[in-house]
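First up is the structure itself, then whatever we jot down about it.
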Amino acid sequence: MTRVAARAAALLALALITLAFLGPFLWVLLASVQPEASLAAKPTLSFSLDNFRAVLTWDTIILPLINSIVISGATAVLTVLVAGLAAYPLSRYQLRYRRHFMLSLLFTTGLPVTAILVPVYAMFFRFNLYGSVPAMVLFLTASSLPFSIWMMKNFMDGVPVNLEEAAWVDGAGWLRSLTAVVGPLMAPGIAVVAIFVFVGQWGNFFAPFVLLDTPEKQPAAVTVYTFFSQYGQVAYGQLAAFSILYTAPAVFLYVAVNKYLASSFSFAGSVKG
Amino acid sequence: MTIVTAPPPPVTSRPVRGSSRRGAMRWLLPLGPALVLLALFLAGPILWSVYIAFTNETLTGSASVHSRFVGVANFVKLFGDPNFLNSFLLTFVFVIGSAVIGQNTLGLIIALLQRGRGRVTRSVVNGVVIAAWVVPEVVAAACWFSFLAEEGTLNRVLGVSQEWLYTAPMLAVILANIWRGTAFSMLVYSAALSEVPADLVEAAAVDGAGPGRRLLHITLPLIRRSIMANLMLITLQTLASFGLIYALTGGGPGTASQTTPLYMYEQAFRYFEIGYGSAIALVMLVIGALFSLVYLRLIKVEDA
Numbered sequence: 008m009t010r011v012a013a014r015a016a017a018l019l020a021l022a023l024i025t026l027a028f029l030g031p032f033l034w035v036l037l038a039s040v041q042p043e044a045s046l047a048a049k050p051t052l053s054f055s056l057d058n059f060r061a062v063l064t065w066d067t068i069i070l071p072l073i074n075s076i077v078i079s080g081a082t083a084v085l086t087v088l089v090a091g092l093a094a095y096p097l098s099r100y101q102l103r104y105r106r107h108f109m110l111s112l113l114f115t116t117g118l119p120v121t122a123i124l125v126p127v128y129a130m131f132f133r134f135n136l137y138g139s140v141p142a143m144v145l146f147l148t149a150s151s152l153p154f155s156i157w158m159m160k161n162f163m164d165g166v167p168v169n170l171e172e173a174a175w176v177d178g179a180g181w182l183r184s185l186t187a188v189v190g191p192l193m194a195p196g197i198a199v200v201a202i203f204v205f206v207g208q209w210g211n212f213f214a215p216f217v218l219l220d221t222p223e224k225q226p227a228a229v230t231v232y233t234f235f236s237q238y239g240q241v242a243y244g245q246l247a248a249f250s251i252l253y254t255a256p257a258v259f260l261y262v263a264v265n266k267y268l269a270s271s272f273s274f275a276g277s278v279k280g
Numbered sequence: 082m083t084i085v086t087a088p089p090p091p092v093t094s095r096p097v098r099g100s101s102r103r104g105a106m107r108w109l110l111p112l113g114p115a116l117v118l119l120a121l122f123l124a125g126p127i128l129w130s131v132y133i134a135f136t137n138e139t140l141t142g143s144a145s146v147h148s149r150f151v152g153v154a155n156f157v158k159l160f161g162d163p164n165f166l167n168s169f170l171l172t173f174v175f176v177i178g179s180a181v182i183g184q185n186t187l188g189l190i191i192a193l194l195q196r197g198r199g200r201v202t203r204s205v206v207n208g209v210v211i212a213a214w215v216v217p218e219v220v221a222a223a224c225w226f227s228f229l230a231e232e233g234t235l236n237r238v239l240g241v242s243q244e245w246l247y248t249a250p251m252l253a254v255i256l257a258n259i260w261r262g263t264a265f266s267m268l269v270y271s272a273a274l275s276e277v278p279a280d281l282v283e284a285a286a287v288d289g290a291g292p293g294r295r296l297l298h299i300t301l302p303l304i305r306r307s308i309m310a311n312l313m314l315i316t317l318q319t320l321a322s323f324g325l326i327y328a329l330t331g332g333g334p335g336t337a338s339q340t341t342p343l344y345m346y347e348q349a350f351r352y353f354e355i356g357y358g359s360a361i362a363l364v365m366l367v368i369g370a371l372f373s374l375v376y377l378r379l380i381k382v383e384d385a
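Protein chains in written order, with the numbering used here: chain A, 8 to 280; chain B, 82 to 385.
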């Protein structure tokens, strides 16, 4: 094969892969703006925003989205606070079991959260926490903590210690040092962790599906599911419009932190050899 | 994870490791909330699942009030339960098909094809592949539900009429999961390939090695670690996968696509067999823990 032919073949392959990946999106994008949408992605010219208008009611999408914002937002804020505090001694002090602790955190990130939900459910039932949004947020925070502490510590390690020395000379304790010096300097890192946790919980389906009791508490992830699991009477155009409205914030936030997240895919920095 | 080497500990007026109680307070206090949450909501439930997996706990009926210790009965039942064994086999097929073969290989191929391409090509391909990864799993399921429907896009393109979710449910969920997860492997491999020294590959080309040999003898050995780490991570993610399959096929038709997480869901949350469900959860946790340990060994964390 000549160079030109190889190049053309590679581009063709990439084009085919891209088209294949686009396929499943087609229907959602088309159906959302077609007044008579069905399950088939029909390339018609009829265009209307009726589907969006139809789902933009309090019960259909506004309340579920507010629930999503409350659950994901509270989890993100709480995770950042707790992980930020925990990362400080892990980053600044020579602790005896620091390495063990960090490795345990990394180990925990590998455990299947899906499996943990059975005992959590049993526990919530026994202690009358079933259906409690705050209790679920605490669980979601705990499940986000291992990775968040890990990320937070790495960002904190990037803040030079000598910047804190002035604060110590002035008699500031660790808390002041953390909030007045380290925190502001690692603001971008804090934002990355917060958005990472937020987007993760935004898409979380299983935990609220299992731990919350009434539809009024459910986030959009569960509402979408109930929307399209009711076979036969589905307004497909509305389902598509709902999907777009629900997905948009996650995509927007992802784009905002994309640059930072991409760099975390290099294992090279973290591994030897 | 880009891990910056830790700065030296503070060596100014304060002692590094205080021998006084004040020293202990300095690290215990900020670490406290995290330790409490992790103990109550992660370690606690896991330990409790070890306990209830040995009881006949249910949420309804008499065993909900008087659950009692039944020894290894749940586990004996588990390994003689054809539905569990079926789910286990399906999980294995799902992980091998969608993660190990699908996502891993496709991610590597895309990353390789993208090398040396222009910025526009790269961002278009990246954008589309990553979009499939960013959408919430329930929306991904809705996309595939319509894509595979009898009236759906796939049948139109292929010119056939198939109710894929009924005739080939495992193939359907495997394809959907490849679509959803390939971006992760692609990103891992793009990062790994960017660290492969170009002159090494060029030198091999000068020596007359074709593209296939260069890939097999130079590139792949150099990114071996990334491949192994990636395989472990995507296996862990796929093992526990629930939402996509549940929303797409519900495990059906019958039990044709009921992987272990879905079987666990059915036992614990539909039949309220909490003890039995916990036994299944425990088996999943142990398998996850084994993979997680292998992963830890593989990446050899430099600074923790």
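Glycine included, every Cβ here is placed at the ideal spot set by N, Cα and C.
Model, not experiment: these values are computed from the prediction.
The alpha carbon of Ala362(B) has as its nearest neighbour, out of Pro342(B), Phe353(B), Lys381(B), the alpha carbon of Pro342(B). In this structure the region 91-99 of chain A does not lie against the region 294-311 of chain B, because fewer than three pairs of beta carbons, one per stretch, are closer than 8 Å. In this structure Thr340(B) does not touch Pro250(B) by the C-beta definition: roughly 11 Å separates them, more than the 8 Å allowed. Secondary structure within the region 65-138 of chain A: the alpha helix (DSSP H) runs of 4 or more consecutive residues, fully enclosed, are 70-99, 105-116, 120-133 (chain order).
Gly199(B) is positioned such that its CB atom lies no closer than 7 Å to that of Met267(B). With contacts defined by Cβ atoms closer than 7 Å, Ala349(B) and Gly356(B) do not form a contacting pair.
For Thr254(A), the chain B residues whose Cβ falls inside 7 Å of its Cβ are Val216, Pro217, Val220, in order along the chain. Segment contact: the region 123-132 of chain A against the region 121-134 of chain B, three or more CB-CB distances shorter than 8 Å; contact assigned.
In terms of Cβ geometry, Trp225(B) and Ala257(B) form a close pair [threshold 7 Å]. Take Phe108(A), set aside five residues on each side of it, and the residues of its chain with a beta-carbon closer than 8 Å to its own are Leu97, Leu102, in chain order. Counting C-beta atoms within 10 angstroms of its own C-beta, Leu109(B) has fewer than 16 neighbours from the protein chains shown and is therefore classed as exposed. Taking a contact to require three or more Cβ pairs closer than 8 Å, the region 8-16 of chain A and the region 219-232 of chain A do not qualify as touching. Using a Cβ-Cβ distance cut-off of 8 Å, the region 313-321 of chain B and the region 177-197 of chain B are in contact, since at least three pairs of beta carbons, one from each stretch, lie closer than that value. For Thr136(B), the three-state secondary structure derived from DSSP is strand. Runs of the alpha helix (DSSP H) lying entirely within the region 298-359 of chain B, each at least 4 residues long, are 305-320, 324-329, 341-346 in chain order. Only buried fits Phe135(B), as 16 or more other CB atoms lie within 10 angstroms of its CB. DSSP, reduced to helix, strand and coil, places Phe150(B) within a strand of the structure shown. Counting C-beta pairs closer than 8 Å gives three or more between the region 240-260 of chain A and the region 25-39 of chain A, which meets the contact rule. Of all C-beta pairs linking the region 158-165 of chain B to the region 302-312 of chain B, fewer than three are shorter than 8 Å, placing the two stretches out of contact. Here Pro217(B) is near Ala228(A), since their CB atoms are less than 7 Å apart. As the crow flies, the alpha-carbon of Leu379(B) is around 13 Å from that of Gly117(A).
Chain-order list of chain A residues neighbouring Gly358(B): Val125, by C-beta distance under 8 Å. Around the CB of Ile156(A), 16 or more other CB atoms lie within 10 Å, so the residue is classed as buried.
For Gly369(B), the residues of chain A that pass the 8 Å Cβ criterion are Gly117, Leu118, Pro119, Ala122, in the order they occur in the chain.
Look at Phe28(A) here: in three-state DSSP terms it is helix. Taking 8 Å as the cut-off between beta carbons, the residues of the region 89-100 of chain A near chain B are Val89, Ala90, Leu92, Ala93, Tyr95, Pro96, Leu97, Ser98, Arg99, Tyr100, in sequence order.
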